[in-house]
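Enquirer:
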Amino acid sequence: SAVYLPVTPSNVCKPRRLYIEFKDVGWQDWIIAPQGYLANYCHGECPFPLSESLNGTNHAILQTLVHSLDPHGTPQPCCVPIRLSPVSMLYYDNNDNVVLRHYQDMVVDECGC
Amino acid sequence: LKTQERLFLNSLGLSARPKPSTHRRVPSVLWRMFKRTSTRENDTHERDPCMVSEYGVRGNIVRFVQDQGRLVSGWSGSCHGCVEKYMFFNMSVLQPVEQLSLAQLEIKFQWDMFRTPRFLLGPQALSVSLYKVLRATLRGASHEAHRRLVLSQSVQLEPEAGSLTLDLTALAQNWRKPGHNYGLVLELQLHPVHTQATDIFMSQNLVNAIPLGPTVTLPEFHASLVVVSLNPLQCRSRQRR
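Each protein sequence line maps, in turn, to chains A and B. Just so we're aligned, residue 1 is where the first sequence starts under the working numbering, counting upward by one. Just so we're aligned, residue 114 is where the second sequence starts under the working numbering, counting upward by one.
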């Protein structure tokens, strides 16, 4: 038998708000725009049983099952980004050229287990 | 932290954190494109991120490559009303993986309204000749034999400004090969369109009396190469969910 700790809705796997300001990492001199962007991140538990809202893979469903049987031997699945969206960046390169570049996988839109 | 930063910069095609010497003005077209793409990113996820609609070509990187050339002879040189400029665009800024989609030369002419005689601000015709430099020449040798005419065109300058665009994609593609980029030579010759004012000015042989140089200038011009390229590794097609 396994002991199930209650998981409140606030700590299940979901996107959390994270605003990245380029000034904080010292990149404000060469990145023209944007000054920052809402990148978000995934955090939270993937509890047994995985509900549909947690977008679990088949692998995650089985891992939670095994975890529920042997909590010490197998960890819970991880909460990871499953849908990301792009950001456009305007910056100076090493030759002082102005560059507009389209970057994929910069913003977390959706998380899953 | 340094490793993480290096990995991210490498994915941007940068070897190190850039340290811009001068903060160049961002071309208005780039601002427009940036604002449009940023708005669209918020609106929808269904657009093609690998298409630059402004230029109608595939790509996910747009660069305004700076001209690193120099003026050979200015407006006030021995040839009155003409100018010769050597232009060099460093194409090594493109990563080998990038596919070049477009290289468009843009030359913008701008009159200095405060230092140019008013009669010269009227309609002007400008002969533009652009040469590809084929190989390096030694000092004192004839440069003409080592260059090939790419464009010869007359441009009607508007009263205050004018511009010229030219597709140099094939040429720029060749410049990416090591040892193939010897740059371009631009020759400009100004022909004032005859008006009553200019005719009087010319008939009185006053044109040579224009104190060209520090006090009066002919049109200033600025050249840049718009380069659109596609990094296929950073361009996955977005699947409809």
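Note that CB positions come from ideal geometry on N, CA and C, so glycine has one too. Please read all numbers here as calculations on a predicted model, not as lab measurements.
Decide if Pro-75 (chain A) is buried, meaning its Cβ has at least 16 other Cβ atoms within 10 Å, or exposed.
Expert: Burial call: exposed.
Enquirer: What first and last residue would you give for the beta strand (DSSP E) that runs through Leu-84 (chain A)?
Expert: Start and end: 80-92.
Enquirer: If distances are taken between C-alpha atoms only, which option among B:Glu-333, B:Lys-115, B:Leu-125 and B:Val-178 comes closest to Leu-143 (chain B)?
Expert: That would be B:Val-178, whose Cα lies nearest to the Cα of Leu-143 (chain B).
Enquirer: Just how far apart, CA to CA, sit Ser-51 (chain A) and Cys-348 (chain B)?
Expert: So the two alpha carbons sit approximately 33 Å from each other.
Enquirer: Are the beta-carbon atoms of Gly-275 (chain B) and Tyr-199 (chain B) separated by less than 7 Å?
Expert: In this structure, Tyr-199 (chain B) does not lie closer than 7 Å to Gly-275 (chain B) by Cβ.
Enquirer: By the criterion of Cβ-Cβ separation under 8 Å, what are the contact partners of Thr-135 (chain B) in chain A?
Expert: Chain A residues near Thr-135 (chain B): Asp-96.
Enquirer: Is Thr-150 (chain B) buried or exposed, if buried means 16 or more other CB atoms sit within 10 Å of its CB?
Expert: That one is buried.
Enquirer: Does the region 262-270 of chain B come within contact of the region 204-215 of chain B, defined as at least 3 CB pairs closer than 8 Å?
Expert: The region 262-270 of chain B, when compared against the region 204-215 of chain B, does not touch it at the 8 Å Cβ threshold.
Enquirer: Roughly how many angstroms separate the alpha carbons of Ile-220 (chain B) and Lys-115 (chain B), rounded to a whole number?
Expert: Between Ile-220 (chain B) and Lys-115 (chain B), the C-alpha separation is close to 40 Å.
Enquirer: DSSP has Gln-286 (chain B) in a bridge; who is on the other side?
Expert: DSSP output for Gln-286 (chain B) lists no bridge partner at all.
Enquirer: Kindly indicate if chain A contains any beta-carbon less than 7 Å away from that of Gln-286 (chain B).
Expert: Not closer than 7 Å to any Cβ of chain A, the Cβ of Gln-286 (chain B) fails to qualify, so no.
Enquirer: Since Ile-174 (chain B) meets chain A, which of its residues come closer than 8 Å, beta carbon to beta carbon?
Expert: Per Cβ cutoff of 8 Å: Val-99, Leu-100, Arg-101 and His-102.
Enquirer: Answer with yes or no whether the minimum CB distance from Val-206 (chain B) to chain A is below 7 Å.
Expert: Yes, Val-206 (chain B) counts as interfacial toward chain A.
Enquirer: Name the two residues that bound the continuous alpha helix (DSSP H) containing Arg-362 (chain B).
Expert: For chain B, the structure presents residues 114 to 354; residue 362 (chain B) sits outside this window and is missing.
Enquirer: Ordered along the chain, which non-local residues of its own chain (more than five positions away) have a Cβ less than 7 Å from that of Leu-129 (chain B)?
Expert: Reading off the sequence shown, one finds Ala at residue 129 (chain B), where the question assumed Leu. Excluding positions up to five away in sequence, the list reads Leu-122.
Enquirer: Quick one: give me the first and last residue of the beta strand (DSSP E) that Gln-28 (chain A) is part of.
Expert: Looking at the DSSP string, Gln-28 (chain A) is not in any beta strand (DSSP E), and its letter there is neither H nor E.
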